[in-house]
Amino acid sequence: MAHPERLKGEPSARGPHPSGTTWVLVAALLGPCIGTGCRASGTVAPGRHDPKLLDPILAELGLHTAQRSNDGRPFHVLVRAVTREQFANDDYTAVAKLVMAPDDSVIKDIVVFPGQGYRVDLELDEIPEGIGVYGLYTGPEWESWKTYVEWGDALDVYLGPASGVFAAADIVPDPANAPEGSGETTSNPEEHRDVSQVSDEEAGDEEAGEPNNVLAVKLAYSHALTPPPSEDGSRPDRPVGFILSYERVLLEDWLALEISKPFYFSSGRLDSPFEVFLKWNRRFGQFEPAIGVGIASNVRVFHSGRQIDEGVNYELSLGVAATTSMAYWFNRRWGLELEVNYGYIPLAAEVEHELNLALGPLFAF
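Take the sequence shown: its position 356, counting from 1, is numbered 356 in UniProt numbering, and each next residue is one higher.
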């Protein structure tokens, strides 16, 4: 099993990307004598050597992994020579088995550590139709664990969040070893730049795809731990309803602001709270626990009988609240969250302690 040489033992110059994705720059620099260059003219077809090409084809693979990649755990990256059809049919289990029993398609198997930069030299016997780069993460998310680079293409592909891969590929002839009269004798320095020189503007394309907003609609139940005594001995209210909430990520994998608007209904009253929480959250694979503190206000509207007895049929309150939740993400967009809130609510006559339970879907965008 081959291991890459680290880029001078340090991450890239711009550092790991805050979104937590893995960045892959595949710069395939063909060896001597590639005719006029497969990128420009396509005279060298996949699967064939140029007759003048005596040495193996050399390519360079650069990897930069962010600190969040694979939840901070090392993982394998497989580089394979594949066709587009083979790549489309690849499934995670079959590719993972190639780590222990590689076939002829495997060009390189490397182990990478999050937050580090690597450069790997690849040696090919023939020009493949395409290159498949596979990140064997603990929890692959849809197709974000693999990317396909067609030989001779230059492309950018965004493939997902924490378990995703961003690929930029450029395959050009090596002008220093091209035969005389072959055509291309100069090259753009940008085509040969180091993987550490990926610009912040290019990184912005990937960052734009990171969901920083979450909408939720949840079914909810409210229970007063210290219900006010009932004069007629009737059962205290047990309001049920729903919650609409919006969450904005302030610091990735660290801090978020949530604005919540519950509606609770019971036989005796309508509750219309408004809550604001500052939450700490952390993603562990597909699970995301969170805790937070905030303030909660409430407007309680009672049935008409109270207005006859007391002159008003509503009550205002303001208190403090705490929340804890556990979300499970099915993919980068959709999830399910269970939430438990506690409220300390001073009322006119006493302090009420409330416990609210909520469950519902999440949508990230």
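Even glycine gets a Cβ: it sits at the ideal position worked out from N, Cα and C.
None of these values were measured; they are calculated from a predicted model.
Keeping to the same chain, check which residues put their C-beta closer than 7 Å to that of residue i; ignore five residues upstream and five downstream.
i	result
residue 248	212, 213, 256 and 257
residue 217	242, 244, 360 and 361
residue 72	114
residue 387	Because the chain spans 1 through 365 in this model, residue 387 falls outside it and cannot be assessed.
residue 215	246 and 363
Measure the beta-carbon distance from residue i to residue j and round it to whole angstroms, keeping in mind my assumption that it falls under 8 Å.
i	j	result
residue 129	residue 80	Not really, about 11 Å apart at Cβ, beyond 8 Å.
residue 354	residue 270	Contact doesn't hold; Cβ gap of about 15 Å is too wide.
residue 108	residue 99	Incorrect: roughly 12 Å between the Cβ atoms, too far for contact.
residue 351	residue 342	Actually they do not touch by this definition, with Cβ atoms about 13 Å apart.
residue 313	residue 302	5 Å
Here's the rule I'm using: 16 or more other beta-carbon atoms within 10 Å means buried, otherwise exposed. How should residue i be labelled?
i	result
residue 24	For residue 24, the predicted model reports a pLDDT of 45, less than 50, meaning its position is unreliable and no value from the coordinates is stated.
residue 300	buried
residue 340	exposed
residue 114	buried
residue 391	No answer is possible for residue 391: the residues shown for the chain start at 1 and end at 365.
residue 334	exposed
residue 125	exposed
residue 251	exposed
residue 389	For residue 389 there is no data in the structure shown, the boundaries of the chain being 1 and 365.
residue 349	exposed
residue 134	buried
residue 78	buried
residue 101	exposed
residue 375	The structure shown has nothing for residue 375, since the chain only spans 1 to 365.
residue 364	buried
Could you give the DSSP three-state label for residue i: helix, strand or coil?
i	result
residue 101	coil
residue 322	strand
residue 87	helix
residue 69	helix
residue 216	strand
residue 147	strand
residue 224	strand
residue 180	Note that residue 180 scores a pLDDT of 39, beneath 50, so its modelled location is shaky and nothing firm can be said.
residue 364	strand
residue 96	helix
residue 347	coil
residue 352	strand
residue 330	coil
residue 302	strand
residue 134	strand
residue 113	coil
residue 74	coil
residue 292	strand
residue 262	strand
residue 57	strand
residue 297	strand
residue 253	coil
residue 237	coil
residue 125	coil
residue 317	strand
With a threshold of 6 Å on Cβ separation, who are the neighbours of residue i within its own chain once the five nearest residues in sequence on each side are excluded?
i	result
residue 136	75, 76 and 96
residue 148	87, 130 and 132
residue 240	221
residue 297	274 and 318
residue 277	258, 292, 294 and 323
residue 279	256, 258, 290 and 292
residue 358	218, 220, 243 and 339
residue 150	130
residue 325	290, 337 and 339
Considering only heavy atoms of the ligand SAH, does any lie closer than 7 Å to the CB of residue i?
i	result
residue 261	Ligands in the displayed structure: none, and consequently the ligand SAH is not present.
Ordered along the chain, which non-local residues of its own chain (more than five positions away) have a Cβ less than 8 Å from that of residue i?
i	result
residue 82	90, 105, 128, 129, 130, 131, 132 and 148
residue 238	221, 222, 223 and 266
residue 56	31, 123, 124 and 125
residue 336	327, 328, 330, 359, 360, 361 and 362
residue 320	293, 294, 295, 296, 343 and 344
Does the beta carbon of residue i sit closer than 8 Å to a beta carbon anywhere in chain B?
i	result
residue 148	The question asks about chain B, but that chain is absent: this structure has only one protein chain.
Could you tell me whether the stretch 259-267 touches the stretch 279-289, where touching means 3 or more Cβ pairs closer than 8 Å?
The stretch 259-267 makes no contact with the stretch 279-289, as fewer than three CB pairs between them are under 8 Å.
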